[in-house]
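In my numbering, the protein residues as written are 6 to 482.
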């Protein structure tokens, strides 16, 4: 990536520049003040900018605001660095569209992690642009029924910030998107999204927040199932100095404060610790919180959107979810039906995924055989849209053909086998090993390499697929 680095402190700037260029392999162009950086940015394309906040002539926040106000600055990812524990400045930066912010001295592991995420984000933006260009070119070249069909597919797309193009191919999903647009205009209502795993609940949450893309306020997500109970409260509410052993001297801002002016999306809300649910209820009702270990009341301006694949009412009857919180969240409720109840979406979704993966993996796939379509429509899809997407991606990875044929879908009716180089096969619940000795470390390495190739070096998807954290994946890499 081409990265612009702006800092008036020479030693700090040079150290960060050396790490980014020598250790991470990115191209870095350095500037000593925001004014020079902005003038250079106007003449050249820098998709990533890392800038100090306090600088003469033009501050980092002013640079951020100027770039985001410019027509070509929409997709620029900007990371701000400050030597001061200034929470108000950090919140202002995030509201203005900063990708993230860091404190000096810069933690190189944190910087590497942020740039890794930005690289994935920029890659997705580039892929979406190419897909749109090819789609429009195909549309221009098409005639008759093909033109009408492609026109329908194009009109059925919704572009959702942070997700990209999403196919809306049924009256059910069209109705849900219409509801999302109505809820977008009223931030006072908490929203509860219920649906099975893989139905696209986060997509719906983002649609409610961003509307048609005009919202620049922060969309902050927190997965309630991924945080240990002991850390949950400080992660959500933040903490003040000395709140607990090991706490930062400056304290830490929580996810709720980061979402000021925007949306806090609580995924898997059914997994939230029971003892914290009254505090969440109070935050929603009163729009105010206290940090852990703090005595200063903090007023909130936050929309709350929650999602779950569990029945919260049943959980409340079992004493595992507070009934009063359930009723408060249930003010605006969206039920997302499973894919097996939206069979009219299977063909267009499968076709959309097929074209996307064929493009990204340089394969020839363009259409689906009628018999293969019958198999797809008859399958239960317990993993819903995500399972369908993974199925199509697997086929494109393993085969190269013009047409997706029925024999490529045989694995849907049988136990899934995943061949690994080295002569053994993983089967659900069993492992078949060869007679000759095997190298376990080499096999682990091969699995990681293949998984990275499967997801085009997307570390987040690869880590999720392998069931490990991003940091664990980086260690293995």
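Heads up, the beta-carbon is just placed ideally off N, CA and C, and yes, glycines get one too.
Roughly how many whole angstroms lie between the Cα atoms of residue i and residue j?
i, j, result
"residue 315", "residue 239", "25 Å"
"residue 230", "residue 274", "8 Å"
"residue 391", "residue 203", "5 Å"
"residue 232", "residue 297", "16 Å"
"residue 208", "residue 172", "11 Å"
"residue 477", "residue 467", "11 Å"
"residue 4", "residue 16", "Residue coverage of the chain in this structure runs from 6 to 482, which leaves residue 4 outside it and unanswerable."
"residue 82", "residue 415", "43 Å"
"residue 31", "residue 270", "33 Å"
"residue 344", "residue 352", "11 Å"
"residue 368", "residue 389", "25 Å"
"residue 118", "residue 56", "17 Å"
"residue 459", "residue 98", "36 Å"
"residue 417", "residue 47", "52 Å"
"residue 365", "residue 132", "8 Å"
"residue 65", "residue 453", "39 Å"
"residue 175", "residue 58", "47 Å"
"residue 182", "residue 201", "18 Å"
"residue 67", "residue 102", "12 Å"
DSSP three-state call for residue i: helix, strand or coil?
i, result
"residue 468", "helix"
"residue 194", "coil"
"residue 268", "strand"
"residue 478", "helix"
"residue 399", "helix"
"residue 11", "strand"
"residue 185", "helix"
"residue 288", "helix"
"residue 333", "helix"
"residue 20", "helix"
"residue 450", "helix"
"residue 210", "helix"
"residue 204", "coil"
"residue 308", "strand"
"residue 124", "helix"
"residue 57", "strand"
"residue 85", "strand"
"residue 215", "helix"
"residue 262", "helix"
"residue 111", "coil"
"residue 178", "helix"
"residue 2", "The first residue shown for the chain is 6 and the last is 482, placing residue 2 beyond what the model contains."
"residue 346", "helix"
"residue 257", "strand"
Starting from the C-beta of residue i, find all residues in its chain whose C-beta is less than 6 Å away, skip the five residues before and the five after it, and write them out in chain order.
i, result
"residue 80", "130"
"residue 37", "13"
"residue 71", "43"
"residue 292", "305"
"residue 40", "62, 63"
"residue 357", "172"
For residue i, is the classification buried or exposed, using 16 other Cβ atoms within 10 angstroms of its Cβ as the cut-off for buried?
i, result
"residue 124", "buried"
"residue 331", "buried"
"residue 116", "buried"
"residue 446", "exposed"
"residue 262", "buried"
"residue 480", "exposed"
"residue 223", "buried"
"residue 301", "exposed"
"residue 205", "buried"
"residue 277", "buried"
"residue 28", "exposed"
"residue 105", "buried"
Using a Cβ-Cβ cut-off of 7 Å (strictly less than) and excluding sequence neighbours within five positions of residue i, which residues of its own chain qualify?
i, result
"residue 376", "411"
"residue 348", "382"
"residue 35", "10, 18, 22"
"residue 177", "342, 347"
"residue 188", "194, 196, 213, 337"
"residue 228", "272, 273"
With residue i as the anchor, note down where its alpha helix (DSSP H) starts and where it stops.
i, result
"residue 35", "Here residue 35 belongs to no alpha helix (DSSP H); instead the beta strand (DSSP E) covers 32 to 36."
"residue 66", "65 to 74"
"residue 320", "317 to 322"
"residue 365", "351 to 365"
"residue 224", "Note, residue 224: premise wrong, no alpha helix (DSSP H); beta strand (DSSP E) at 224 to 228."
"residue 234", "234 to 242"
"residue 46", "39 to 48"
"residue 382", "375 to 383"
Considering just the uninterrupted stretch of the beta strand (DSSP E) at residue i, what are its terminal residues?
i, result
"residue 107", "105 to 108"
Give every residue of the same chain whose Cβ lies closer than 8 Å to the Cβ of residue i, excluding the five residues on either side of it in the sequence, and list them in chain order.
i, result
"residue 257", "239, 243, 244"
"residue 405", "368, 369, 370"
"residue 401", "359, 362, 363, 366, 368, 370"
Kindly indicate if chain D contains any beta-carbon less than 7 Å away from that of residue i.
i, result
"residue 118", "This model lacks chain D altogether, as it is built from one protein chain only."
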